[in-house]
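The structure appears below as structure tokens.
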Amino acid sequence: MSAIVIDNLDVSYGETKVTRGIGFTVAEGESFALVGESGSGKTTVLKAIAGLARTWTGSISVFGQPRGHGIDRGFARQCQMVFQDPYGSLHPRKTVDAVLSEPLAIHGVGGDHGKRVEDMLDAVGLDRKFRFRFPHQLSGGQRQRVAIARALMLEPKLLLLDEPTSALDVSVQAEILNLLKRLRREQGLTYLMVTHNLPVVSFLCDRLAVMRHGKVVEIADVGQLKRGELVNPYSRELIELSATPSQT
Amino acid sequence: MTNLLEVRNLRVTFPTARGPVDVVKGISFSLGRERLGIVGESGSGKSMTGRSILRLIRAPGRVTAERLDFDGVDLLRQSEKQLRAIRGARISMIMQDPKFSLNPVMTIGAQIAEALLTHQRLGRGDIRQRVHAMLESVRIADPERVAKLYPHEVSGGMGQRVMIAMMLIPEPDLLIADEPTSALDVSVQAQVLDIIDDLVKRKGMGLIFISHDLNLVSSYCDRILVMYAGSVVEECVAGELQNAKHPYTQGLLAAIPRLNETRDELPVLDRSGWAA
Amino acid sequence: MASTRDWLLDDSPSSRLQARMGRGYRVFRSLLGNPLAVLGAIIVIGLIVMAVFAPLFATHSPTAQNLSMRLMPPSGENWMGTDELGRDIWSRVVFGSQITLVIVLLVAVLAAPVGLVVGAVSGYFGGWVDRILMGITDIFLSMPKLILALAFVAALGPGIQNAIIAIAIATWPSYARIARAETLTIRNSEFISAVELQGASRLRVIVAHILPLCTSSMIVRVTLDMAGIILTAAGLGFIGLGAQPPLPEWGAMISRGRSFILDQWWVATMPGFAIVIVSLGFCFLGDGLRDVLDPKHGERQ
């Protein structure tokens, strides 16, 4: 079964159409990247799937179920999102414990919440001593781990990742990327990741779609990306701009 | 040939609840008319270093150094008035995000003109000519039209080019660029870097390029300083980066994913090797 | 003591309570660093202590008349002199602090929650809800507070309870505006999106996520407003529409003293000093709280 099927998606913000005719499929258990620069509409696609962007036409279906235009409580247990900015995605007045136990409270999940919180902290590589800290007492990498932990509390099968490492330092980015890769392997997750960083796609993803000015210009396999075999001239330009001397 | 900039034992200290903390811990370097890259992650002190050269760090921060000489002038002993004459005219700084560094209520032309007027007295016609000429030199095709626009009406890349124009119009000798391309799209980055490169070469300026992007700095600068937690851990010629000796630099290079990535796991920095 | 402090300042608290108290303690310590705020806090605490222990501070009964001792200047016997009915002014000021405190607290307790909820709901829902609620708020805001309070008291009848209600009605709209402004800033944050994506109901988002972030600016605004509330109450009292005689309300006392102000200045000015000092105290405290509770400032360790 496909995890995500998108067909002819046009998303608008107010009067402006931000994406045109987007179509792609993500298989279950796959890691798929939406690549593009700012203004390409890639984050908008993610928001439409999540229900944060409500004005769209076309069809979106997740695990076989067509998506409505808004947020869906049931959907929350299938799909969650990790945001880009580790400084903005955690409530400044809530401890890590409060942030992680909230989804359990919202959905009336039974059992020992405290234990589940601690297990999740272990799973994302955070020491338990961080459990009652506030976000301003955590580093960027630690906050992002909390954000990932929060997304996984409801045990979703699909994770939407909006540039999860672009606001992080290089050394921290490596840790988070390793974590994401490990979690996907351990829990059989499906990833749809938005990024502008091609090497991250090479590391973490199986397939990618290149977007430009609201349209998909190419869909390819990561193998093609690594060999520099993308076809569309814009894609090739992006590859060239990513290549760096220490890597030739 | 005297060096353009001579820094010896520069220290920047901030008071905190737990006592004074050194964010720059006594670093030394010199700069000729070349391109020096200062690379580091957040908290490394690289931006503080740039700002302390321009004496832009205000109380409660404190800047001390054995030497902080710019072209023979001791920057530590200059009065605020003398420093104002140096800032912009002889040392200039480009910052990261034009959204925040350009004045939103002044037109682009007015801001560039202001940068010029602060240091020279010219007639209106002369100013306008200089502004347009400067906009052209940063490859803005329609300078008359752009000069009348406000910052929010132009794209990020163009905003950054405006910032470069503004900072280079007084023709300084030293340019400090603090993450000038981090807020820009990949396709625009190359163009902006090209413009900076061109202007720096043409006017024989010195350039300090501060960034977190090791690869970018190595391809763009002549020499590199790698900073970690306030100290310089590596100093090398740009082309020699692969032969970096310090474990932090090596670790950083290894941790960056490659386009043709084959590793299953990225090597993670083990800071216990050198952490203070 | 040292170990309690360490417990509060612990970097890795082991319970929610410890984390919350630690934060409160840090805010408290930042506040102590501001001398004006400390002065303000001392004045406010002084007001509270004086109000609670009034009988201990007063030297005479506030209502006992002694016509042979009318209009005496301040002396060892009457620290602030006597008024036109021979009542000791100091004792009246002391007991008047009770009235002042009650008015200020009740107005805050009535007006702030109403304003907070109206503003947060208005900001979060937007659209028609926002327009209607803000329309109502604007109607109240368009009239000067004192006139509005006056109108309500005139309609409800003079007396301290009605004065409190009237002032509360005049005050809640500005809190609604503040809460709405804060909510608009927060509404599009990613942490709000994150909790909405988890399936949180709108009620939960407003109550558990938005309101807590509005409280800082609320606390600051209410504290700063207290000076204005005291003055409004004094204004009503001055006109005779607030606390009725023989209650020693400070505004009413000033009003009474008006006729003697040239020769027996103390009858009007003593309660006036009290109002000024207490208002200043609230202002200093409010300013100090604003510096400390501003998230960008107070949370930096």
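So the protein sequences, as listed, match chains Y, L and C.
Numbering-wise, the first sequence is residues 1284 to 1531 according to my numbering.
Numbering-wise, the second sequence is residues 758 to 1033 according to my numbering.
Numbering-wise, the third sequence is residues 87 to 387 according to my numbering.
Beta carbons are placed, not taken as given, at the ideal position from N, Cα and C, and that holds for glycine.
As the structure is a prediction and not an experimental result, all values here were calculated from the model.
- [ ] Report yes if the C-beta distance between alanine 1333/Y and methionine 1364/Y is below 8 Å; otherwise report no.
- [x] The residue you call residue 1333/Y lines up with position 50 of the first sequence. The residue you call residue 1364/Y lines up with position 81 of the first sequence. Yes, Cβ-Cβ distance for alanine 1333/Y and methionine 1364/Y is below 8 Å.
Open item on the list: So, at 6 Å on beta carbons, what are the nonlocal neighbours of isoleucine 1354/Y in its own chain, with the 5 sequence-adjacent residues on each side left out?
Closed with: Indexing the first sequence from 1 puts residue 1354/Y at position 71. Cβ within range, chain order: Gly1334.
Open item on the list: Can you list, in chain order, the residues of its chain with a C-beta nearer than 6 Å to that of valine 778/L? Leave out the 5 residues immediately preceding and following it.
Closed with: Position 21 of the second sequence, counting from 1, holds the residue named residue 778/L. Here the set comprises Phe771.
Task: Range covered by the beta strand (DSSP E) that runs through phenylalanine 1315/Y - done: Your numbering for residue 1315/Y matches position 32 in the first sequence. First-last of the beta strand (DSSP E) with phenylalanine 1315/Y: 1314-1318.
Task: CB-CB length for serine 787/L against leucine 762/L, believed under 8 Å - done: Here the question's residue 787/L lines up with position 30 in the second sequence. Here the question's residue 762/L lines up with position 5 in the second sequence. Correct: roughly 7 Å between the Cβ atoms.
TODO: Could you spell out the range, first to last residue, of the beta strand (DSSP E) harbouring tyrosine 985/L?
DONE: Here residue 985/L refers to the residue found at position 228 of the second sequence. Unbroken beta strand (DSSP E) run through tyrosine 985/L: 980-985.
Open item on the list: Taking 8 Å as the threshold (beta carbon to beta carbon), is serine 944/L in contact with chain Y?
Closed with: Mapped onto the second sequence, residue 944/L falls at position 187. Yes, serine 944/L lies at the interface with chain Y (some Cβ there is under 8 Å from its Cβ).
Task: DSSP three-state assignment for isoleucine 305/C, whether helix, strand or coil - done: In the third sequence, residue 305/C corresponds to position 219, counting from 1. Isoleucine 305/C: helix per DSSP, three-state reduction.
TODO: Would you kindly work out how many angstroms separate the C-alpha atoms of glycine 845/L and aspartate 930/L, rounded to a whole number?
DONE: For the purposes of this step, residue 845/L is identified with residue 88 of the second sequence, where counting begins at 1. For the purposes of this step, residue 930/L is identified with residue 173 of the second sequence, where counting begins at 1. C-alpha separation (whole angstroms): 10 Å.
TODO: Output yes if chain L places a C-beta closer than 8 Å to the C-beta of valine 1483/Y; else output no.
DONE: Taking the first sequence and counting its residues from 1, one reaches residue 1483/Y at position 200. Closer than 8 Å to some Cβ of chain L, the Cβ of valine 1483/Y qualifies, so yes.
Open item on the list: Only counting the same chain, and skipping five residues up and downstream in sequence, which positions put a Cβ closer than 6 Å to that of isoleucine 1459/Y?
Closed with: Locating residue 1459/Y in the first sequence gives position 176, where the first residue counts as 1. For isoleucine 1459/Y, where only same-chain residues beyond five positions count, the Cβ hits under 6 Å are Gln1427 and Thr1448.
Open item on the list: Does the CB of leucine 1462/Y have a neighbour CB from chain L at under 8 Å?
Closed with: Position 179 of the first sequence, counting from 1, holds the residue named residue 1462/Y. No, leucine 1462/Y does not count as interfacial toward chain L.
- [ ] Please state whether DSSP places alanine 329/C in a helix, a strand or coil.
- [x] Here the question's residue 329/C lines up with position 243 in the third sequence. DSSP places alanine 329/C in coil when its eight states are reduced to three.
Open item on the list: Using the Cβ count rule (16 or more neighbours within 10 Å means buried), how would you classify tyrosine 977/L?
Closed with: To locate residue 977/L, count along the second sequence from 1; it is residue 220. The residue in question, tyrosine 977/L, is buried, as its Cβ has 16 or more Cβ neighbours within 10 Å.
Open item on the list: With a threshold of 8 Å between beta carbons, is leucine 1524/Y in contact with chain L?
Closed with: Position 241 of the first sequence holds residue 1524/Y. Yes, its Cβ sits closer than 8 Å to a Cβ of chain L.
Task: Contacts around tyrosine 907/L, its chain only, beta-carbon distance under 8 Å, and the 5 residues preceding and following it disregarded - done: Indexing the second sequence from 1 puts residue 907/L at position 150. Counting only Cβ-Cβ distances below 8 Å, and skipping sequence neighbours, we find Pro861, Val862, Met863, Thr864 and Ile865.
TODO: With DSSP as the reference, label phenylalanine 1417/Y as helix, strand or coil.
DONE: Start at 1 with the first residue of the first sequence, and residue 1417/Y comes out as number 134. Residue state, collapsed to three classes: coil.
- [ ] Pick helix, strand or coil for valine 780/L, following the three-state DSSP scheme.
- [x] As a first step, residue 780/L must be located in the second sequence, where it is residue number 23. In the structure shown, valine 780/L sits in a strand (DSSP, three-state: E or B).
TODO: Over the uninterrupted beta strand (DSSP E) stretch that includes glutamine 1363/Y, give me the two end residues.
DONE: Looking up residue 1363/Y in the first sequence gives position 80. Element bounds for glutamine 1363/Y: 1362-1365.
Open item on the list: I'd like to check one pair, alanine 206/C with alanine 254/C: are the Cβ atoms closer than 8 Å?
Closed with: Numbered from 1 along the third sequence, position 168 holds the residue referred to as residue 254/C. Numbered from 1 along the third sequence, position 120 holds the residue referred to as residue 206/C. Cβ atoms of alanine 254/C and alanine 206/C: not closer than 8 Å.
Open item on the list: Strictly by DSSP, which residues pair up with proline 772/L?
Closed with: As a working note, residue 772/L is residue 15 in the second sequence. Paired residue(s): Pro777/L.
Task: For proline 1369/Y, the nearest candidate out of Gln1425/Y, Leu1508/Y and Glu1520/Y (CA to CA) - done: Residue mapping note: residue 1369/Y aligns to position 86 of the first sequence, counting from 1. Taking only the C-alpha atoms, the option nearest proline 1369/Y is Gln1425/Y.
Task: Min CB distance valine 291/C to chain Y below 8 Å - done: For the purposes of this step, residue 291/C is taken as residue 205 along the third sequence, with counting starting at 1. Answer no: the Cβ-Cβ gap between valine 291/C and chain Y never drops below 8 Å.
TODO: Please say whether isoleucine 272/C and isoleucine 296/C have beta carbons closer to each other than 8 Å?
DONE: On the third sequence, position 210 is the one that residue 296/C refers to. On the third sequence, position 186 is the one that residue 272/C refers to. Their beta carbons are under 8 Å apart, which means isoleucine 296/C touches isoleucine 272/C by this criterion.
Task: Segments of 4+ residues assigned as alpha helix (DSSP H) that fall wholly inside the segment 183-245 of chain C - done: 213-227 and 231-242
TODO: Excluding the 5 residues preceding and the 5 following valine 989/L in the sequence, name in chain order all residues of the same chain whose CB lies nearer than 6 Å to its CB.
DONE: Numbered from its first residue, the second sequence carries residue 989/L at position 232. Around valine 989/L: Ile784 and Leu982.
- [ ] Consider the Cβ of valine 1288/Y: report whether some Cβ of chain C lies at a distance smaller than 8 Å.
- [x] The residue you call residue 1288/Y lines up with position 5 of the first sequence. By this cut-off, valine 1288/Y is not an interface position.
Open item on the list: Determine, for lysine 1440/Y, whether the minimum Cβ-Cβ distance to residues of chain L falls below 8 Å.
Closed with: The sequence position of residue 1440/Y within the first sequence is 157, counting from 1. It does not; no Cβ of chain L falls within 8 Å.
Task: DSSP state of glycine 384/C mapped onto helix, strand, coil - done: Within the third sequence, residue 384/C is the residue found at index 298, counting from 1. Since pLDDT at glycine 384/C reaches only 42, below the 50 mark, its modelled position is unreliable, and the value read off the structure follows with that caveat. The answer is helix: DSSP assigns glycine 384/C an H, G or I state.
TODO: Would you mind telling me which residues of chain Y sit closer than 8 Å to histidine 969/L, beta carbon to beta carbon, in chain order?
DONE: As a working mapping, residue 969/L is identified with position 212 in the second sequence. The answer, in chain order, is Asp1452 and Val1453.
TODO: Mind reading off the beta-carbon distance from arginine 344/C to alanine 360/C? Whole number of angstroms is fine, and I expect it under 8 Å.
DONE: Locating residue 344/C in the third sequence gives position 258, counting from the first residue. Locating residue 360/C in the third sequence gives position 274, counting from the first residue. In fact, because the Cβ distance is near 16 Å, the residues do not count as touching under 8 Å.
Task: Buried or exposed by the 16-neighbour rule on C-beta atoms within 10 Å, applied to phenylalanine 324/C - done: Taking the third sequence and counting its residues from 1, one reaches residue 324/C at position 238. That one is buried.
Task: Continuous alpha helix (DSSP H) stretch holding cysteine 369/C: start and end - done: Here residue 369/C refers to the residue found at position 283 when the third sequence is read from its first residue. It spans 352-379 - the alpha helix (DSSP H) in which cysteine 369/C sits, taken as one unbroken run.
TODO: For glutamine 387/C, count neighbouring Cβ atoms within 10 angstroms of its own Cβ and tell me buried if that reaches 16, exposed if not.
DONE: As a position in the third sequence, residue 387/C is number 301, starting the count at 1. Confidence in glutamine 387/C is poor, its pLDDT being 36 and thus under 50, which makes the residue's placement unreliable; the coordinate value appears in the next sentence. Result: exposed.
- [ ] Using a Cβ-Cβ cut-off of less than 7 Å, give me the residues of the segment 924-957 of chain L that come near chain Y, in sequence order.
- [x] Asp942, Val943, Ser944 and Ala947
TODO: State yes or no: is the beta carbon of glutamate 1520/Y nearer than 8 Å to at least one beta carbon in chain L?
DONE: The count along the first sequence starts at 1 and reaches residue 1520/Y at position 237. It does; some Cβ of chain L falls within 8 Å.
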